[in-house]
Amino acid sequence: FTLAFIVVKKRINTRFFLKRGSDFQNPPPGTVIDIELTRNEWYDFFIVSQSVQDGTVTPTHYNVIYDTIGLSPNTVQRLTYCLCHMYYNLPGIIRVPAPCHYAHKLAYLVGQSIHQEPNRSLSTRLFYL
1 FTLAFIVVKK RINTRFFLKR GSDFQNPPPG TVIDIELTRN EWYDFFIVSQ SVQDGTVTPT
61 HYNVIYDTIG LSPNTVQRLT YCLCHMYYNL PGIIRVPAPC HYAHKLAYLV GQSIHQEPNR
121 SLSTRLFYL
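Read left to right, the sequence shown gives residues 1 to 129 (full-length UniProt numbering).
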């Protein structure tokens, strides 16, 4: 079977700006940066997933550390961005792909609240939301 491991980093200090004339703006959602600021020896990229009303938007950094799926970088980037739209608790776009956010919420719930194995009947439900 095929498999890919992608490290998702949202706590970064990198910021990107779009220059229009003499004005600087946040880049639009879906902007991918995969050249110049990325490492040549890595398979990595930045995505600006959401827009902000005030302040500066923060991109998310993705580093593909293992990949046997064989998708093109463009397809991986589009899939990653689309997964940022799949979080059920918000009508908008989140910074990280929904599976990452669900995993974070589940890990927090287990670490803070559940000191035993959850009931098996909950295994097919998003009970941790």
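Note that beta-carbon positions come from the ideal geometry of N, C-alpha and C, so glycine has one too. Because the structure is a prediction, the values reported are computed rather than measured.
THR38 is bridged by DSSP to nothing; it lacks a bridge partner. With contacts defined by Cβ atoms closer than 9 angstroms, TYR43 and ILE65 form a contacting pair. Boundaries cannot be given for VAL96, as no beta strand (DSSP E) includes it and DSSP labels it neither H nor E. Taking one beta carbon from each stretch, the region 62 to 77 and the region 37 to 51 have 3 or more pairs nearer than 8 angstroms; the two touch. Contact check for LEU3 against ILE94 fails: the beta carbons are separated by 9 angstroms or more.
Boundaries of the alpha helix (DSSP H) around GLN77: 73 to 83. In the three-state reduction of the DSSP assignment, ARG11 falls in the coil class. Going by C-alpha positions, PHE17 is about 28 angstroms away from PRO99. For ARG20, the enclosing beta strand (DSSP E) covers residues 18 to 20. DSSP places VAL32 within a strand segment (E or B) once states are collapsed to three. Here PHE46 is actually not in contact with ILE35; their C-beta atoms are around 10 angstroms apart, not less than 8 angstroms. DSSP places ILE114 in no beta strand (DSSP E); its state is neither H nor E.
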